[in-house]
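**Q**
Protein chains in written order, with this note's numbering: chain B, -6 to 269; chain R, 433 to 778.
(1) Quick one: using the 10 Å Cβ neighbour count with 16 as the cut-off for buried, is residue 582 of chain R buried or exposed?
(2) By the 10 Å Cβ neighbour count, where 16 or more other Cβ atoms means buried, how is residue 199 of chain B classified, buried or exposed?
(3) Hey, quick one: how far does the alpha helix (DSSP H) through residue 482 of chain R stretch, first residue to last?
(4) So, does the CB of residue 263 of chain B fall closer than 8 Å to a CB anywhere in chain R?
(5) For residue 722 of chain R versus residue 692 of chain R, is the C-beta distance shorter than 8 Å?
(6) Do residue 589 of chain R and residue 615 of chain R have their beta-carbon atoms positioned less than 8 Å apart in this structure?
(7) From residue 625 of chain R to residue 486 of chain R, what distance separates their C-alpha atoms?
(8) Locate the beta strand (DSSP E) running through residue 671 of chain R, then write down its first and last residues.
(9) Return the CA-CA distance between residue 204 of chain B and residue 173 of chain B, expressed in angstroms with no decimal places.
(10) Could you name the residues of the same chain whose beta carbon sits closer than 7 Å to that of residue 739 of chain R, not counting the 5 residues immediately before and after it, in chain order?
(11) Under 7 Å Cβ-Cβ, which residues of chain R neighbour residue 166 of chain B?
(12) Return the chain-ordered list of same chain residues with a C-beta closer than 6 Å to the C-beta of residue 43 of chain B, the five sequence neighbours on each side being excluded.
(13) Step through the CB atoms of chain B and report whether any lies within less than 8 Å of the CB of residue 582 of chain R.
(14) Just the chain B side, please: which residues come within less than 9 Å of residue 513 of chain R by C-beta, in chain order?
(15) If you draw a straight line from the alpha carbon of residue 568 of chain R to that of residue 557 of chain R, how long is it in whole angstroms?
(16) Pick helix, strand or coil for residue 624 of chain R, following the three-state DSSP scheme.
(17) Can you find a CB in chain R that lies within less than 8 Å of the CB of residue 182 of chain B?
(18) Can you tell me which of the three DSSP states residue 34 of chain B falls into?
(19) Counting only the same chain and skipping the five closest in sequence on each side, list residues whose C-beta sits under 7 Å from that of residue 668 of chain R.
(20) Determine, using beta carbons only, whether residue 499 of chain R and residue 507 of chain R come nearer to each other than 8 Å.
(21) For residue 104 of chain B, which residues of its own chain have a beta-carbon under 8 Å away from its beta-carbon, when the five flanking residues on both sides are left out?
(22) How big is the Cα-Cα spacing for residue 435 of chain R and residue 761 of chain R?
(23) Is it right to say residue 150 of chain B is buried, meaning 16 or more other beta carbons lie within 10 angstroms of its own, or is it exposed?
(24) Quick one: any contact between the segment 161 to 176 of chain B and the segment 522 to 542 of chain R, if contact means 3 or more CB pairs under 8 Å?
(25) Our contact map puts residue 661 of chain R next to residue 773 of chain R with C-beta atoms below 8 Å; I'd like the distance itself, whole angstroms only.
(26) State buried or exposed for residue 645 of chain R, treating a residue as buried only when at least 16 other CB atoms are found within 10 Å of its CB.
(27) Checking contacts by CB at 8 Å: is residue 535 of chain R closer than that to chain B?
(28) Need the endpoints of the beta strand (DSSP E) that residue 646 of chain R sits in, please.
(29) Please return the same chain residues whose Cβ sits closer than 6 Å to the Cβ of residue 657 of chain R, not counting the five positions on each side in sequence.
(30) So, for residue 240 of chain B: in the same chain, excluding its five sequence neighbours on each side, which residues have a beta-carbon less than 8 Å away from its beta-carbon?
(31) Out of R/474, R/456 and R/439, which has the shortest C-alpha to C-alpha gap to residue 640 of chain R?
(32) Grab the span of the alpha helix (DSSP H) containing residue 52 of chain B for me, first residue to last.
(33) Roughly how many angstroms lie between the CA atoms of residue 613 of chain R and residue 461 of chain R, to the nearest whole one?
(34) Is the beta carbon of residue 457 of chain R less than 8 Å from the beta carbon of residue 516 of chain R?
(35) List the residues of chain B that residue 569 of chain R touches, going by C-beta distances under 8 Å, in chain order.
(36) What residues of chain R sit near residue 36 of chain B, judged by a beta carbon separation below 8 Å?
Right under this line is the structure:
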């Protein structure tokens, strides 16, 4: 088989996998969200017999969807910023200060990811209850989301801090730059892609997080995932769940594309300063 | 234009002494080079001069002001980095202007200074480009320009040519020397490349193991090296150990060596056992008291490099042309004025 042929076969395979992985679930979710309640979509039909926006309108008007959207989209950016701020000192130490056991410390920071998220969430909320901070439900969830996402933000920012070049810092100093000017000219350009990546990943983590939001927040605070849980778990209305999952997923995909653009614009020669 | 005085400068990292009790002075407008193999402490010394490292003991004076504790941002030195260290997201103009903005130089003067430096360095047409759009040589010039525009009292170079290819290196080397003269800059230059050091410097400090081995003009270093290390490091040298037989003439002594009887010059009474050194190009082939067999011959264009075995010692001879080939026997002579007595203990 020629190389071109192998490549074509691989391309077709990739397309099939992508279809199965992305298009089918998405298509199903879209179709389910459009099922008209007057004619149910039963197993003997390949496509729903009747389509309407009834579910969308119904969810929008009569569920806590609006409240959940506000909560989720207030929580996520705040959690992203908080997590970034909490991560920066540790990441600076791991990325720029040479100390014995640094590699081990880096690994230890990733350790929480080994434990299933739900387990961490349960124990973390137990901690919040003991401290009594669960009374302030929104800040408690915010804090939990920021802390639980720390492995990601620390890891990303550590790599970013490692990429700051010492000779840029030295050159800025040698030219008389104050610490703020040094930060702007030597650190910030190298950190920028990492900052965006960290914000986005924590944002998505927070938007999708269920366990903490449910344990600490219910019944007062509703986020999109907890609402989805009640649509799927308690009442099991599949069309409603489809509407919610689309609402959950679409902004994330859009953010992903934005990030992809941002990362691409931060071209590697800019970060390294050398023509390869 | 200011002078530099370094007094008994020492820096230790734990148990390791990187720079060990180094003292020297640089006159205003002088170009000196710190030359030595990697790990000899030359870069560490430069980093102390620029303020990035604090000496363990000793002092650095710029024009009689002790700056040993002054941080780099407040020191009247400018450093040209080996990696250039240009800010990749800033244009050439912004890079050149950066230091002037930090020093709050008024806009009008900033523009003038950048324009002057850009035209000196032939960067006028590159000002709006980003560093990664420039060639290595141009980046090097921007880095030099960024230091020059500050009009520093002392300009420091940390192996600035090591990332350039050989041809470009020669050109930039000439340019650096020209600019240093035109601006009347006091310059301290670090390199491990002896050719660079010989061509650029008013004076060279050869460093070894954290100490200054010898400080002299390039000519003196080449013709009168004080130690085997200096003789070996600068150019190629034949070094041999011998036993002094006695004086021959005024200031000339004779020593018995494994290749035969060698005359050498020394102003004072030499010890009994001596280390002698001569340059391969100072040997006369054809006649003389010494004898050897050619065991290797390599033609280098403007000269031919012979390895000759006399007794059981191999030594090098460089001549402009020779009919000799491997296996040929030859006589040769070395003038006593060309044989240098080294200070190394035998």
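Glycine residues also receive a C-beta, built at the ideal position from the N, C-alpha and C atoms.
**A** Taking the coordinates as given:
(1) Here residue 582 of chain R corresponds to residue number 150 of the second chain, with the count starting at 1. Around the beta-carbon of residue 582 of chain R, 16 or more other beta-carbon atoms lie within 10 Å, marking it buried.
(2) As a first step, residue 199 of chain B must be located in the first chain, where it is residue number 206. Burial call: buried.
(3) Residue 482 of chain R sits at position 50 when you count from the first residue of the second chain. Per DSSP, residue 482 of chain R belongs to the alpha helix (DSSP H) from 474 to 482.
(4) Taking the first chain and counting its residues from 1, one reaches residue 263 of chain B at position 270. At residue 263 of chain B the pLDDT is 42, less than 50, meaning the model places this residue with poor confidence; the figure from the coordinates comes in the next sentence. Yes, contact with chain R.
(5) Here residue 722 of chain R refers to the residue found at position 290 when the second chain is read from its first residue. Here residue 692 of chain R refers to the residue found at position 260 when the second chain is read from its first residue. For residue 722 of chain R and residue 692 of chain R, yes; Cβs fall inside 8 Å.
(6) Position 183 of the second chain, counted from the start, is the residue given in the question as residue 615 of chain R. Position 157 of the second chain, counted from the start, is the residue given in the question as residue 589 of chain R. Annotated as distal: residue 615 of chain R and residue 589 of chain R, with beta-carbon spacing of 8 Å or more.
(7) Counted from its first residue, the second chain places residue 625 of chain R at position 193. Counted from its first residue, the second chain places residue 486 of chain R at position 54. Distance between residue 625 of chain R and residue 486 of chain R, taken at the CA atoms: about 27 Å.
(8) Within the second chain, the letter at position 239 stands for residue 671 of chain R. Where residue 671 of chain R is concerned, the enclosing beta strand (DSSP E) stretches over 670 to 681.
(9) The residue given as residue 204 of chain B occupies position 211 in the first chain. The residue given as residue 173 of chain B occupies position 180 in the first chain. Residue 204 of chain B and residue 173 of chain B have their C-alpha atoms roughly 40 Å apart.
(10) Translated into the one-based positions of the second chain, residue 739 of chain R becomes position 307. The residues are 727, 728, 746 and 748.
(11) For the purposes of this step, residue 166 of chain B is taken as residue 173 along the first chain, with counting starting at 1. The contacting residues are 504 and 505.
(12) To locate residue 43 of chain B, count along the first chain from 1; it is residue 50. Correct list, in chain order: 29 and 32.
(13) Looking up residue 582 of chain R in the second chain gives position 150. Interface flag for residue 582 of chain R against chain B is set, since a Cβ pair is found closer than 8 Å.
(14) The count along the second chain starts at 1 and reaches residue 513 of chain R at position 81. The contact set of residue 513 of chain R on chain B, defined by CB atoms closer than 9 Å, consists of 160, 163, 164 and 167 in chain order.
(15) For the purposes of this step, residue 568 of chain R is taken as the residue at position 136 of the second chain. For the purposes of this step, residue 557 of chain R is taken as the residue at position 125 of the second chain. Using only the alpha carbons, I get a separation of about 16 Å.
(16) Start at 1 with the first residue of the second chain, and residue 624 of chain R comes out as number 192. In the three-state reduction of the DSSP assignment, residue 624 of chain R falls in the coil class.
(17) Start at 1 with the first residue of the first chain, and residue 182 of chain B comes out as number 189. With a threshold of 8 Å between beta carbons, residue 182 of chain B makes contact with chain R.
(18) Position 41 of the first chain holds residue 34 of chain B. Coil.
(19) Indexing the second chain from 1 puts residue 668 of chain R at position 236. Same-chain partners within the cutoff: 712 and 748.
(20) As a working mapping, residue 499 of chain R is identified with position 67 in the second chain. As a working mapping, residue 507 of chain R is identified with position 75 in the second chain. By the CB criterion at 8 Å, residue 499 of chain R and residue 507 of chain R fall inside the cutoff.
(21) Position 111 of the first chain, counting from 1, holds the residue named residue 104 of chain B. Taken in chain order, the residues that qualify are 144.
(22) Here residue 435 of chain R refers to the residue found at position 3 when the second chain is read from its first residue. Here residue 761 of chain R refers to the residue found at position 329 when the second chain is read from its first residue. Rounded to the nearest angstrom, the two C-alpha atoms are 55 Å apart.
(23) Your numbering for residue 150 of chain B matches position 157 in the first chain. It is buried - the Cβ of residue 150 of chain B has at least 16 other Cβ atoms within 10 Å.
(24) Contact between the segment 161 to 176 of chain B and the segment 522 to 542 of chain R is established, with three or more Cβ pairs separated by less than 8 Å.
(25) Position 229 of the second chain, counted from the start, is the residue given in the question as residue 661 of chain R. Position 341 of the second chain, counted from the start, is the residue given in the question as residue 773 of chain R. 15 Å between Cβ atoms; not a contact.
(26) The count along the second chain starts at 1 and reaches residue 645 of chain R at position 213. Burial of residue 645 of chain R is indicated by the presence of at least 16 other C-beta atoms within 10 angstroms of its C-beta.
(27) Counted from its first residue, the second chain places residue 535 of chain R at position 103. Yes, because at least one Cβ of chain B sits closer than 8 Å to the Cβ of residue 535 of chain R.
(28) By one-based count along the second chain, residue 646 of chain R stands at place 214. For residue 646 of chain R, the uninterrupted beta strand (DSSP E) run begins and ends at 643 to 648, by DSSP.
(29) Counting from one through the second chain, the residue named residue 657 of chain R turns up at place 225. Closer than 6 Å at the Cβ level, and outside the excluded window around residue 657 of chain R, lie 663.
(30) Position 247 of the first chain, counted from the start, is the residue given in the question as residue 240 of chain B. 58, 62 and 217.
(31) The residue you call residue 640 of chain R lines up with position 208 of the second chain. Of R/474, R/456 and R/439, the residue nearest in Cα terms is R/474.
(32) In the first chain, residue 52 of chain B corresponds to position 59, counting from 1. Start and end: 47 to 55.
(33) Here the question's residue 613 of chain R lines up with position 181 in the second chain. Here the question's residue 461 of chain R lines up with position 29 in the second chain. One Cα belongs to residue 613 of chain R, the other to residue 461 of chain R, and the distance between them is close to 8 Å.
(34) Counting from one through the second chain, the residue named residue 457 of chain R turns up at place 25. Counting from one through the second chain, the residue named residue 516 of chain R turns up at place 84. Between residue 457 of chain R and residue 516 of chain R, the CB-CB gap reaches or exceeds 8 Å.
(35) On the second chain, position 137 is the one that residue 569 of chain R refers to. Listed by position along chain B, the residues whose Cβ is nearer than 8 Å to that of residue 569 of chain R form an empty set, because the closest Cβ is around 12 Å away.
(36) As a position in the first chain, residue 36 of chain B is number 43, starting the count at 1. In chain order: nothing, as chain R lies at least about 59 Å away.
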